[in-house]
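Heads up, the thing below is written out as structure tokens.
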Amino acid sequence: MNNENLKVTTRTTFQLLAPGAAPAPVVAELVYDPEDPYAVAIVFHTGTGRVEWMFARDLLADGLLTPSGEGDILVRPASDDPERVLVELNAPTGFAILSAIAEDVAAFLDSSYDVVQPGEEDLWIDFDRELQKLVSTID
Numbered sequence: 724m725n726n727e728n729l730k731v732t733t734r735t736t737f738q739l740l741a742p743g744a745a746p747a748p749v750v751a752e753l754v755y756d757p758e759d760p761y762a763v764a765i766v767f768h769t770g771t772g773r774v775e776w777m778f779a780r781d782l783l784a785d786g787l788l789t790p791s792g793e794g795d796i797l798v799r800p801a802s803d804d805p806e807r808v809l810v811e812l813n814a815p816t817g818f819a820i821l822s823a824i825a826e827d828v829a830a831f832l833d834s835s836y837d838v839v840q841p842g843e844e845d846l847w848i849d850f851d852r853e854l855q856k857l858v859s860t861i862d
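According to my numbering, the residues represented by the sequence shown are 724 to 862, in order.
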């Protein structure tokens with residue numbers, strides 16, 4: 724099945740939060756592709772190229788309500804502003820804390836649920852294709 728026309732992409736502006744500095748706007752895209760039905764991505768376009776962070780769609784949804792995640796990606800409601808959600812990205816080269824409007828993130832998730840309902844993700848996985856990808860990496 725060609726799921727390209729089912730991909731959900733929402734352009735949004737995050738605020739990059741840094742100690743002692745004013746928040747800096749960062750334009751990014753939230754992306755949901757039913758070809759990887761359990762995941763979402765945040766895509767940043769930088770001067771040196773494209774940076775993509777992929778993580779569980781459930782993590783993003785849970786993080787709207789309560790602190791969620793561990794390790795590389797944490798999502799939580801902003802303690803000082805209930806209308807915002809924080810996304811913390813941790814990498815060996817550094818970390819970033821981004822703030823987004825929670826309503827925008829919720830609208831993006833709702834659009835992704837219009838494509839693939841929660842709990843039905845497994846119905847969208849092409850196991851033959853995934854097995855072929857796995858076998859081709861072994862060769």
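All C-beta atoms in this analysis are idealised placements derived from N, C-alpha and C, irrespective of residue type, glycine included. As the structure is a computational prediction, the values presented were derived from the model and not from experiment.
*Within the same chain, show all residues whose beta-carbon is closer than 6 Å to that of P760, passing over the 5 residues directly before and after it, in chain order.*
V839, E844, W847
*Per DSSP, Y836 forms a beta bridge with which residues?*
Per DSSP, none; premise fails for Y836.
_Span separating the alpha-carbon of D837 from that of A747_ = 32 Å
*Could you give the C-beta distance for P800 and A784, rounded to a whole number, given that I count them as a contact under 8 Å?*
Not confirmed; about 12 Å, so no contact.
*With distances taken Cα to Cα, identify the nearest neighbour of L821 among A751, E806, F737, V731.*
F737
*Nearest CA to the CA of G786: which residue from L797, F778, M777?*
L797
*Using the DSSP secondary-structure output, state which residues sit across from N813 in a beta bridge.*
F818
*Hey, out of T816, P815, D827, G817, whose CA is closest to L809's CA?*
D827
*asked:* What does the Cβ neighbour count give for S903, buried or exposed, with the cut at 16 atoms within 10 Å?
replied: With the chain represented from 724 up to 862, any question about residue 903 goes unanswered, as that position is not in the structure.
_Pairwise C-alpha distance: G794 and M724_ = Residue confidence for M724 is low, a pLDDT of 48 falling below 50, so the modelled location carries little weight and cannot support an answer.
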